[in-house]
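Here's the structure, in structure tokens; my notes come after.
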Amino acid sequence: MDFEAQVKELNASLKGIGDQIKAQAEATDKQIKASGEMTAETRAKVDELLTKQGELNARLGEAEQKLVNASRDRGNQDEPQKSVGALVIGSEEMQDMNSSFRGSRRVSVPRAAITTATGGDLVPAQRLAGVVTPPQRRLTIRDLVAPGETESNSIEYIRETGFTNNARTVAENTAKPYSDITFALTTANVRTIAHLFKASRQMLDDAKALQSYIDSRARYGLNMAEEAQLLYGNGTGANLQGLVTVAQLYAPQAGLTVVGEQRIDRLRLALLQAELADFPSDGIVLNPIDWAAIELTKDGEGRYIIGQPQEGTNAKLWNRPVVSTQAMTQNDFLVGAFKLGAQIF
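Taking our numbering, the leading residue of the sequence shown gets 4, the next gets one more, and so forth.
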């Protein structure tokens, strides 16, 4: 049976059914807008089309599997390859040789005789298990932020937008001062991060390990996109609101001058800025290149300021853990109270 032709025919039938379903859906939509409901006749027609589509999908799956099996069977019918020794023994030059023969004889074995029709080697290749995976970036930003869960498509929260504190000591029987607090209701919409892979059903059915590998790489791709959004998402459209885009810009404290200011000094001043805003920082995020530059900083005598190479160093600076990630742009940095100031759902 010509399974390839059958597959093409079923695909064409499926396309026709799909076009009918689309047309029926448009007609149904107009009907509902006009009368407010779907008629029994229309419902029956839709059910009939969906049933046919399901049957065709099932037949297509069977036909595709039969096509794969037939191709595999044809591949297995190739004439088995003879070894070099068998070719030598079976050659014309060896036919009249016996134990009484003395001397030498040359036997030629054509290269084509020891390779397959497709050019394969006489010795089959060894297939190693698994897939060679490209390096994966260590993802860390999510761990900095407080976790949460939701089953809704949006999160509403109340943000304090102003506080006027008039509290003071008062004399007995005198009026107490009023303080003022203002609030605003803020909404954060749930965003979707997604991507797709193309793979035939046969590929996934015949190689569960490949399916697991794709699943793993798919999750890694999603996590990478999420990490970039957690830092630099601009909050517009379908983007998340990133930590960097809502953070206050670095502004050194007025009147505090550091002689010979370096990267380490700027980070300490940024920590001070956050602390003066009553958000004491619990972490520092740096690009790996910037963190390496800090670790390589030396004093006037050539000694490393942060630890010694042979001893190793904990990734800490000014008593705060340092998170080194390529998701952070070089020459940017971020300090803050991550657990207090942000939450991811």
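Glycine included, each C-beta is placed from N, C-alpha and C at the ideal position.
{"query": "Output needed for S176: all residues of its chain with C-beta closer than 6 Å, excluding positions within five of it in sequence on either side, in chain order.", "result": "It should be pointed out that residue 176 corresponds to Asn in this sequence rather than to Ser. Contacts found: none."}
{"query": "Answer with buried or exposed for A273, where buried requires no fewer than 16 other C-beta atoms within 10 angstroms of its C-beta.", "result": "buried"}
{"query": "Enumerate in chain order the residues of its own chain whose CB-to-CB distance from A66 is below 8 Å, with the five nearest sequence positions on each side excluded.", "result": "F6, Q9, V10 and L13"}
{"query": "Do V326 and G286 have their beta-carbon atoms positioned less than 8 Å apart in this structure?", "result": "yes"}
{"query": "Name the two residues that bound the continuous beta strand (DSSP E) containing P291.", "result": "No beta strand (DSSP E) holds P291; the alpha helix (DSSP H) holding it covers P291 to E298."}
{"query": "To the nearest angstrom, how far is it from the Cα of A318 to the Cα of S182?", "result": "44 Å"}
{"query": "Do you know offhand how far D43's Cα is from Q27's?", "result": "For clarity, residue 43 is Ala in the given sequence; the question names Asp instead. A43 and Q27: Cα-Cα distance of roughly 14 Å."}
{"query": "When the Cα of R323 is compared with those of L275, E58, A149 and D22, which residue comes out closest?", "result": "L275"}
{"query": "For A345, which option in K33, L246, N168 and T189 has the closest C-alpha, if you only look at C-alpha atoms?", "result": "L246"}
{"query": "Hey, could you find the ends of the alpha helix (DSSP H) E249 is sitting in?", "result": "The sequence as given places Val at residue 249; Glu does not occur at that position. L246 to V249 is the span of the alpha helix (DSSP H), which, as asked, contains V249."}
{"query": "When we look at the beta-carbon of G339 and count the other beta-carbons within 10 Å, is it buried (16 or more) or exposed?", "result": "buried"}
{"query": "Please classify L299 as buried or exposed, where buried requires at least 16 other C-beta atoms within 10 Å of its C-beta.", "result": "exposed"}
{"query": "At what residues does the beta strand (DSSP E) containing D183 begin and finish?", "result": "D183 to N192"}
{"query": "For T45, which of helix, strand or coil comes out of DSSP?", "result": "helix"}
{"query": "Just how far apart, CA to CA, sit N168 and K179?", "result": "12 Å"}
{"query": "By how many angstroms is the C-alpha of W294 removed from the C-alpha of I400?", "result": "An answer regarding residue 400 cannot be provided, because it is not within the stretch 4 to 348 covered by the chain."}
{"query": "I need the straight-line Cα distance from A296 to L320, nearest angstrom please.", "result": "13 Å"}
{"query": "Name the DSSP beta bridge partners of K319, please?", "result": "P324"}
{"query": "How about R194 and A228: are their beta carbons less than 8 Å apart?", "result": "no"}
{"query": "Along the alpha helix (DSSP H) that carries E163, what are the first and last residues, could you check?", "result": "E163 -> not in any alpha helix (DSSP H); beta strand (DSSP E) instead, spanning S157 to T167."}
{"query": "I'd like to check one pair, L147 with F341: are the Cβ atoms closer than 8 Å?", "result": "yes"}
{"query": "Take F166 as the anchor and find which of A187, T153, E51 and T31 has the nearest alpha-carbon.", "result": "A187"}
{"query": "For R271, which residues of its own chain have a beta-carbon under 6 Å away from its beta-carbon, when the five flanking residues on both sides are left out?", "result": "W321"}
{"query": "Is the CB-CB distance between V261 and F336 below 8 Å?", "result": "no"}
{"query": "Leaving aside the five residues before and after Y216 along the sequence, list all residues of the same chain whose C-beta is less than 7 Å from its C-beta, in chain order.", "result": "V134"}
{"query": "Report the rounded CA-to-CA distance for A191 versus I347, giving the unit in angstroms.", "result": "11 Å"}
{"query": "What distance in whole Å lies between the Cβ atoms of L234 and I144, which are believed to be in contact at a cut-off of 8 Å?", "result": "6 Å"}
{"query": "Do you know how far the Cα of I267 is from the Cα of A257?", "result": "18 Å"}
{"query": "Rounded to a whole number of angstroms, what is the C-alpha to C-alpha distance between F200 and D218?", "result": "10 Å"}
{"query": "Could you tell me which of A37, L59, T31 and S38 sits nearest to A47, measuring between CA atoms?", "result": "T31"}
{"query": "Using a threshold of 7 Å, is the CB atom of Q56 nearer than that to any non-hydrogen atom of the ligand SAH?", "result": "No copy of the ligand SAH occurs in the structure displayed, which carries no ligand at all."}
{"query": "Who are the Cβ neighbours of T185 in its own chain at under 7 Å, not counting the five residues just before and after it?", "result": "T164 and G165"}
{"query": "By the DSSP assignment, the alpha helix (DSSP H) with L252 in it spans what residues?", "result": "Where L252 is concerned, there is no enclosing alpha helix (DSSP H), given that its DSSP letter is neither H nor E."}
{"query": "Does the beta-carbon of L279 have 16 or more other beta-carbons within 10 angstroms, so that it is buried, or is it exposed?", "result": "exposed"}
{"query": "Between which two residues does the beta strand (DSSP E) harbouring L337 extend?", "result": "F336 to G339"}
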